[in-house]
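Shown next, in structure tokens, is the structure this report addresses.
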Amino acid sequence: MNFPLDSVGELPDEHKALLAATLEQMQVRDSLKMYNNLVERCFKECVEDFRGKALSNKEEQCVAKCCEKFMNVTGRVGIRFGEFFSEMEKQAQAQLAQMAAAAEKAGK
Numbered sequence: 484m485n486f487p488l489d490s491v492g493e494l495p496d497e498h499k500a501l502l503a504a505t506l507e508q509m510q511v512r513d514s515l516k517m518y519n520n521l522v523e524r525c526f527k528e529c530v531e532d533f534r535g536k537a538l539s540n541k542e543e544q545c546v547a548k549c550c551e552k553f554m555n556v557t558g559r560v561g562i563r564f565g566e567f568f569s570e571m572e573k574q575a576q577a578q579l580a581q582m583a584a585a586a587e588k589a590g591k
């Protein structure tokens, strides 16, 4: 998810650049964590035999299904999070509009 840097207001450009670099580092770190979680989970679930260098056909199929399932679930969670965040944003805007209207009414 890209963070809109123009929403940080009047920060100096060097602070915006530092924020962008920090956010990018966080995204890379989170991607690596997700990848490591995927590898560990699918390895534990699928690999049964350590006698050879290569995976058996059964293990390969299991790993492929495990990865596909993990990616599908991760994608769905991301979509749902986006929907939830969008709804929360709408609610916050509605509350701000109500508060502004109430403040305007009280000021009259």
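Under the working numbering, the letters of the sequence shown match residues 484 to 591, in that order. Glycine included, every Cβ here is placed at the ideal spot set by N, Cα and C.
Open item on the list: Quick test of the definition: if touching needs 3 or more C-beta pairs under 8 Å, does the region 553-568 touch the region 530-540?
Closed with: no
TODO: With DSSP as the reference, label arginine 534 as helix, strand or coil.
DONE: In this structure, DSSP gives arginine 534 a state outside helix and strand, which the three-state scheme calls coil.
- [ ] Enumerate in chain order the residues of its own chain whose CB-to-CB distance from valine 530 is below 6 Å, with the five nearest sequence positions on each side excluded.
- [x] Glu542
Task: Close-in-space but distant-in-sequence residues of the same chain around asparagine 485 (CB under 8 Å, 5 per side omitted) - done: Interpretation of asparagine 485 is limited by its pLDDT of 49, a score under 50 that renders its predicted location unreliable; no figure is taken from the coordinates.
TODO: Entirely within the region 493-546 and at least 4 residues each: give me those alpha helix (DSSP H) ranges in chain order.
DONE: 496-529
TODO: Report the rounded CA-to-CA distance for lysine 573 versus alanine 580, giving the unit in angstroms.
DONE: Inter-residue distance for lysine 573 and alanine 580 is about 11 Å (C-alpha atoms, whole angstroms).
Open item on the list: Tell me whether the region 516-528 and the region 491-504 touch, counting them as touching only if at least three CB pairs, one residue from each stretch, are closer than 8 Å.
Closed with: no
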